[in-house]
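Just so we're aligned, residue 1 is where the sequence shown starts under UniProt numbering, counting upward by one.
Even glycine gets a Cβ: it sits at the ideal position worked out from N, Cα and C.
Here's the structure, in C-alpha coordinates; my notes come after.
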Amino acid sequence: MRHLIFSRKPIGTKTLTDQDIRALYTTDYRAMPSAASAQRMTQIVFEQFISYFAANAAYKQDPSKFIGQPKLPSYAKKYRTFYVGRNGYKIEDGLLTITGGKKVGLQPIKVTCCQDQPFNEKAGLAQCGDLRIYPKANCFVIEITYQKGVNLNHCALLNANDSLLVDLGVDNIAACISTKSGV
(Lines of atoms letter the chains of each structure in order from A and count residues from 1; the text may use other names and numbers.)
(Lines give C-alpha, C1' and ligand atoms only; values in the text may rest on other atoms or scores of the structure.)
Protein backbone atom coordinates (compact mmCIF):
# COMPACT_ATOMS: atom_id res chain seq x y z
CA MET A 1 0.00 0.00 0.00
CA ARG A 2 2.77 2.42 0.88
CA HIS A 3 4.53 1.86 -2.45
CA LEU A 4 1.33 2.79 -4.30
CA ILE A 5 1.21 6.10 -2.42
CA PHE A 6 4.87 6.91 -3.07
CA SER A 7 4.47 6.09 -6.78
CA ARG A 8 1.30 8.26 -6.85
CA LYS A 9 -0.90 5.38 -8.03
CA PRO A 10 -4.56 5.23 -6.96
CA ILE A 11 -5.70 2.81 -4.30
CA GLY A 12 -8.71 0.75 -5.36
CA THR A 13 -11.37 -1.01 -3.34
CA LYS A 14 -10.94 -3.54 -0.53
CA THR A 15 -11.41 -6.38 -3.01
CA LEU A 16 -8.84 -5.03 -5.48
CA THR A 17 -6.39 -4.35 -2.66
CA ASP A 18 -6.78 -7.91 -1.41
CA GLN A 19 -6.24 -9.28 -4.93
CA ASP A 20 -3.14 -7.11 -5.44
CA ILE A 21 -1.58 -8.12 -2.12
CA ARG A 22 -2.39 -11.77 -2.79
CA ALA A 23 -0.64 -11.52 -6.18
CA LEU A 24 2.37 -9.46 -5.02
CA TYR A 25 3.08 -11.26 -1.74
CA THR A 26 1.92 -14.80 -2.46
CA THR A 27 4.23 -16.57 0.01
CA ASP A 28 3.38 -14.26 2.92
CA TYR A 29 -0.32 -14.36 2.08
CA ARG A 30 -0.35 -18.17 1.96
CA ALA A 31 1.71 -18.39 5.17
CA MET A 32 -1.27 -17.06 7.13
CA PRO A 33 -3.23 -19.78 8.99
CA SER A 34 -6.34 -19.23 6.88
CA ALA A 35 -7.35 -17.30 3.79
CA ALA A 36 -9.99 -15.51 5.86
CA SER A 37 -7.43 -14.16 8.34
CA ALA A 38 -5.15 -13.04 5.50
CA GLN A 39 -8.07 -11.29 3.85
CA ARG A 40 -9.03 -9.62 7.16
CA MET A 41 -5.47 -8.33 7.56
CA THR A 42 -5.62 -6.66 4.13
CA GLN A 43 -9.02 -5.16 4.99
CA ILE A 44 -7.62 -3.66 8.19
CA VAL A 45 -4.62 -2.20 6.35
CA PHE A 46 -6.98 -0.76 3.71
CA GLU A 47 -9.16 0.84 6.42
CA GLN A 48 -6.07 2.35 8.08
CA PHE A 49 -5.03 3.99 4.81
CA ILE A 50 -8.55 5.28 4.11
CA SER A 51 -8.58 6.80 7.63
CA TYR A 52 -5.18 8.38 6.94
CA PHE A 53 -6.46 9.99 3.72
CA ALA A 54 -9.57 11.32 5.50
CA ALA A 55 -7.49 12.73 8.36
CA ASN A 56 -5.01 14.27 5.92
CA ALA A 57 -7.84 15.96 3.98
CA ALA A 58 -9.32 17.31 7.24
CA TYR A 59 -5.86 18.53 8.27
CA LYS A 60 -5.46 20.46 5.01
CA GLN A 61 -8.84 22.15 5.58
CA ASP A 62 -8.28 23.08 9.24
CA PRO A 63 -4.87 22.27 10.80
CA SER A 64 -5.92 23.76 14.16
CA LYS A 65 -7.98 20.62 14.91
CA PHE A 66 -4.81 18.51 14.99
CA ILE A 67 -1.68 18.41 17.12
CA GLY A 68 0.41 17.67 14.03
CA GLN A 69 0.11 16.44 10.47
CA PRO A 70 -1.29 12.89 10.24
CA LYS A 71 1.39 10.29 9.61
CA LEU A 72 1.23 7.55 7.02
CA PRO A 73 0.47 4.15 8.59
CA SER A 74 3.75 2.34 9.16
CA TYR A 75 4.67 -1.29 8.96
CA ALA A 76 3.96 -3.39 12.01
CA LYS A 77 6.52 -5.88 13.19
CA LYS A 78 6.27 -9.04 11.13
CA TYR A 79 3.67 -11.44 12.50
CA ARG A 80 2.95 -9.05 15.39
CA THR A 81 -0.85 -9.23 15.54
CA PHE A 82 -3.04 -12.02 14.20
CA TYR A 83 -6.64 -11.13 13.33
CA VAL A 84 -9.48 -13.64 13.12
CA GLY A 85 -12.88 -12.57 11.79
CA ARG A 86 -16.28 -14.00 12.73
CA ASN A 87 -15.70 -16.85 10.30
CA GLY A 88 -12.59 -18.08 12.10
CA TYR A 89 -13.99 -19.05 15.49
CA LYS A 90 -17.11 -20.22 17.26
CA ILE A 91 -18.42 -19.98 20.81
CA GLU A 92 -20.35 -22.91 22.29
CA ASP A 93 -21.48 -22.99 25.92
CA GLY A 94 -19.17 -20.06 26.71
CA LEU A 95 -16.09 -21.77 25.20
CA LEU A 96 -14.21 -20.02 22.38
CA THR A 97 -12.83 -22.42 19.76
CA ILE A 98 -10.49 -20.98 17.10
CA THR A 99 -10.33 -22.68 13.70
CA GLY A 100 -7.12 -24.68 13.52
CA GLY A 101 -6.40 -24.08 17.19
CA LYS A 102 -6.01 -27.76 17.98
CA LYS A 103 -3.20 -28.04 15.40
CA VAL A 104 -1.08 -25.67 17.49
CA GLY A 105 -2.25 -26.97 20.87
CA LEU A 106 -4.76 -24.20 21.63
CA GLN A 107 -7.59 -25.56 23.77
CA PRO A 108 -11.05 -23.93 23.94
CA ILE A 109 -11.02 -20.78 26.09
CA LYS A 110 -13.78 -19.78 28.54
CA VAL A 111 -15.33 -16.41 27.68
CA THR A 112 -18.07 -14.43 29.43
CA CYS A 113 -19.07 -12.00 26.68
CA CYS A 114 -21.19 -14.51 24.78
CA GLN A 115 -22.60 -18.00 25.38
CA ASP A 116 -23.18 -19.19 21.81
CA GLN A 117 -22.12 -17.90 18.40
CA PRO A 118 -21.69 -20.21 15.40
CA PHE A 119 -18.97 -19.95 12.76
CA ASN A 120 -19.51 -17.07 10.34
CA GLU A 121 -22.50 -15.55 12.14
CA LYS A 122 -24.16 -12.75 10.17
CA ALA A 123 -22.80 -9.32 11.13
CA GLY A 124 -26.20 -8.07 12.34
CA LEU A 125 -26.73 -11.09 14.57
CA ALA A 126 -23.18 -11.54 15.85
CA GLN A 127 -22.49 -10.41 19.37
CA CYS A 128 -18.71 -10.91 18.97
CA GLY A 129 -16.67 -9.40 16.14
CA ASP A 130 -12.95 -9.67 15.47
CA LEU A 131 -10.54 -11.70 17.53
CA ARG A 132 -6.97 -10.39 17.93
CA ILE A 133 -4.01 -12.41 19.17
CA TYR A 134 -0.73 -10.64 19.89
CA PRO A 135 2.42 -11.31 21.91
CA LYS A 136 2.98 -9.40 25.15
CA ALA A 137 6.00 -10.01 27.37
CA ASN A 138 6.17 -13.79 27.80
CA CYS A 139 2.59 -14.65 26.81
CA PHE A 140 -0.03 -14.08 24.13
CA VAL A 141 -3.05 -11.84 24.63
CA ILE A 142 -6.37 -12.74 23.02
CA GLU A 143 -8.87 -9.90 22.60
CA ILE A 144 -12.46 -10.20 21.40
CA THR A 145 -14.46 -7.21 20.23
CA TYR A 146 -18.12 -7.58 21.16
CA GLN A 147 -21.41 -5.73 21.39
CA LYS A 148 -22.53 -5.09 24.94
CA GLY A 149 -26.20 -4.63 25.58
CA VAL A 150 -26.97 -1.90 28.10
CA ASN A 151 -29.42 -2.90 30.80
CA LEU A 152 -30.84 0.25 32.34
CA ASN A 153 -33.08 -1.53 34.87
CA HIS A 154 -30.40 -1.63 37.56
CA CYS A 155 -29.62 2.09 37.12
CA ALA A 156 -32.94 3.06 38.71
CA LEU A 157 -31.55 1.93 42.08
CA LEU A 158 -28.61 4.33 41.86
CA ASN A 159 -28.79 7.87 43.18
CA ALA A 160 -27.04 10.25 40.80
CA ASN A 161 -26.25 12.65 43.70
CA ASP A 162 -24.21 10.07 45.60
CA SER A 163 -20.75 9.27 44.31
CA LEU A 164 -17.49 7.83 45.56
CA LEU A 165 -14.06 8.21 44.00
CA VAL A 166 -11.47 5.55 44.79
CA ASP A 167 -7.86 6.27 43.82
CA LEU A 168 -5.62 3.22 44.16
CA GLY A 169 -2.19 4.37 45.23
CA VAL A 170 1.40 3.23 45.54
CA ASP A 171 2.21 4.42 49.07
CA ASN A 172 -1.37 4.13 50.39
CA ILE A 173 -3.67 1.29 49.40
CA ALA A 174 -6.43 3.71 48.39
CA ALA A 175 -7.62 7.28 48.80
CA CYS A 176 -11.39 7.80 48.81
CA ILE A 177 -13.55 10.90 48.37
CA SER A 178 -17.34 10.82 48.73
CA THR A 179 -20.17 13.29 48.19
CA LYS A 180 -21.69 12.03 51.48
CA SER A 181 -20.06 12.72 54.80
CA GLY A 182 -19.14 9.76 56.96
CA VAL A 183 -18.65 7.31 54.11
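In the three-state reduction of the DSSP assignment, Pro135 falls in the strand class, which pools E and B.
When the alpha-carbon of Glu92 is set against those of Arg30, Lys60, Ile133, Cys128, the nearest one is in Cys128.
Beta-bridge annotation (DSSP): Leu168 is paired with Ala174. Between the segment 56-70 and the segment 107-118 there are fewer than three C-beta pairs closer than 8 Å, too few to call the two in contact.
Residue environment: Gly88 is assigned as buried (16 or more neighbouring CB atoms within 10 Å of its CB, all protein chains considered).
In the structure shown, Tyr29 falls within a helical segment according to DSSP collapsed to helix, strand and coil.
Annotated three-state conformation of Lys180 is coil, per DSSP. If you draw a straight line from the Cα of Thr145 to the Cα of Ile11, it is about 28 Å long. Selection Thr17, Ser64, Gln107, Ala31 evaluated against Glu47 yields Thr17 as nearest (Cα-Cα).
Counting only runs of 3+ residues, the beta strand (DSSP E) found wholly inside the segment 84-146 occupies 89-92, 95-98, 128-136, 139-146, in chain order. When the alpha-carbon of Gln147 is set against those of Leu131, Asp162, Asn161, Lys136, the nearest one is in Leu131. For Asp20, the enclosing alpha helix (DSSP H) begins and ends at 14-24.
At a Cβ-Cβ threshold of 8 Å, Ile21 and Tyr83 do not count as neighbours.
In this structure, the straight-line span from the alpha carbon of Ser163 to that of Ala175 is close to 14 Å. In the assembly as shown, Leu96 is a buried residue. Its beta-carbon has 16 or more other beta-carbons within 10 Å.
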